[in-house]
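Per the numbering used here, the very first residue in the sequence shown carries number -7; after that it's consecutive.
All C-beta atoms in this analysis are idealised placements derived from N, C-alpha and C, irrespective of residue type, glycine included.
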Amino acid sequence: MDNRTETWLPILLHSGRFSGTRRCKLHQHDGAELVLIEKGHCEIEIGKLKIKGEAGTLYVLPGKVKHAQCNLDLVSTLYITFQHDAPFDESPRTLEADKCISRWMEDLCSMDETIHTGLDQISGGILYSLLQRINQLENTAQKRHNLHPALERAINYIENHINRPLPLDLIARHAGISKSHLSALFREHLNHSPTAYILDLKMTMAKRLLRNLYAELSIKEISASCGFNDPNYFCRIFRKHYQESPVHYRQRVIKA
């Protein structure tokens, strides 16, 4: 890794795990801190500001600012402190961690426990991805904040269940509106029908799975992963969407 690359990768300062009910007294860190609650409920105090969290909550805490953690029951957390050159908002806040954030936090803690030489070069890339994912989730949330609440519920449901069949009446029920209202909201805000929106997501996922040459998934397995019960129907839809079959697309990717 050259010196130019090393300067923009964030640096892991410290990481660790906590499990217990005791209060974590007032303290501060040189760098920003991320705290992921894996179990229980707690409240982080920064001056007069009190921010509550539960399992799945990720805290973002600024560096050089005193804070305390009051555990409301048995709490388990992962925490890391870091320094960064690239822009990153350190203002105190929470967000809901996804699987990527949880896995990368665990990876960073495990690496810090077991790797004692050259850790910066390895951890920097994971930490950079972690910060980018936080930015991505918050930017997406900000964009969706302006959407109709029912449409936001529908999109969240679709994205969380994209590997299943998604009939419109089911989506509408989870969004708390009628099918006709659902369709109207999609066209008004996204200029797409719900069906077209879902299909675009499924086809994008299919291309990603087809490009994963190491997994060696069959067309039937990819079809099922994208929520299609009939592989032949999946192939017809894929061909209509991309003007080539899934098999031809995969072969073209291999040759490239």
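Report the start-end ranges of each alpha helix (DSSP H) in the stretch -5 to 64 that is 4 residues or longer and not cut off at the edges.
Correct list: -5 to 0.
When you compare the stretch 190 to 203 with the stretch 234 to 244, are there three or more beta-carbon pairs, one atom per stretch, that lie closer than 8 Å?
Touching, per the Cβ criterion.
Could you tell me whether the Cβ atoms of residue 61 and residue 101 are closer together than 8 Å?
Sequence index remark: in the sequence shown, residue 61 carries index 69 (1-based). Sequence index remark: in the sequence shown, residue 101 carries index 109 (1-based). No. Outside cutoff.
Assign residue 25 to one of two classes, buried (16 or more other C-beta atoms within 10 Å of its C-beta) or exposed (fewer than that).
The residue you call residue 25 lines up with position 33 of the sequence shown. Per the 10 Å Cβ criterion, buried.
Residue 124 by DSSP, collapsed to three states: which one?
Locating residue 124 in the sequence shown gives position 132, where the first residue counts as 1. The answer is helix: DSSP assigns residue 124 an H, G or I state.
Over the uninterrupted alpha helix (DSSP H) stretch that includes residue 177, give me the two end residues.
Position 185 of the sequence shown, counted from the first residue, corresponds to residue 177. From DSSP, the alpha helix (DSSP H) with residue 177 extends over 171 to 182.
May I ask you to report which of helix, strand or coil DSSP gives residue 154?
Residue numbering aside, residue 154 sits at position 162 when the sequence shown is read from its first letter. Looking at residue 154 - three-state DSSP - the assignment turns out to be coil, as it is neither helix nor strand.
Alpha carbon to alpha carbon, what distance is there between residue 130 and residue 177?
In the sequence shown, the residue the question calls residue 177 occupies position 185. In the sequence shown, the residue the question calls residue 130 occupies position 138. Each residue's alpha carbon lies about 23 Å from the other.
With C-beta atoms as the reference, is residue 18 less than 8 Å away from residue 56?
Counting from 1 along the sequence shown, the entry for residue 18 is found at position 26. Counting from 1 along the sequence shown, the entry for residue 56 is found at position 64. Their beta carbons are not under 8 Å apart, which means residue 18 does not touch residue 56 by this criterion.
Sort 108, 96, 133 and 198 by Cα distance to residue 117 and report the nearest one.
Position 125 of the sequence shown holds residue 117. Selected option, being the one with the closest Cα: 96.
Where does the unbroken beta strand (DSSP E) through residue 109 begin, and where does it stop?
The residue given as residue 109 occupies position 117 in the sequence shown. Unbroken run through residue 109: none, as it is neither H nor E.
Out of curiosity, what's the CA-to-CA distance linking residue 221 and residue 107?
Numbered from its first residue, the sequence shown carries residue 221 at position 229. Numbered from its first residue, the sequence shown carries residue 107 at position 115. Whole-angstrom Cα-Cα distance: 45 Å.
Three or more beta-carbon pairs under 8 Å between the stretch 85 to 94 and the stretch 40 to 53, yes or no?
The stretch 85 to 94, when compared against the stretch 40 to 53, does touch it at the 8 Å Cβ threshold.
Under 8 Å by Cβ, that's how I've got residue 70 and residue 98 pegged, so tell me the actual separation to the nearest angstrom.
Here residue 70 refers to the residue found at position 78 when the sequence shown is read from its first residue. Here residue 98 refers to the residue found at position 106 when the sequence shown is read from its first residue. With a Cβ gap of about 6 Å, residue 70 and residue 98 count as contacting.
Use the C-beta contact count for residue 133: other C-beta atoms within 10 angstroms, 16 or more gives buried, fewer gives exposed.
Within the sequence shown, the letter at position 141 stands for residue 133. Answer is exposed; the Cβ neighbour count stays below 16.
Taking the straight line between their C-alpha atoms, what separation do you get for residue 250 and residue 93?
Residue 250 cannot be examined here, being either before or after the span of the chain that is shown, -7 to 248.
The beta strand (DSSP E) spanning residue 234 covers which residue range?
Taking the sequence shown and counting its residues from 1, one reaches residue 234 at position 242. Element bounds for residue 234: not the beta strand (DSSP E) but the alpha helix (DSSP H), 223 to 234.
Indicate the three-state DSSP secondary structure (helix, strand or coil) for residue 68 in the structure shown.
Residue 68 sits at position 76 when you count from the first residue of the sequence shown. The answer is strand: DSSP assigns residue 68 an E or B state.
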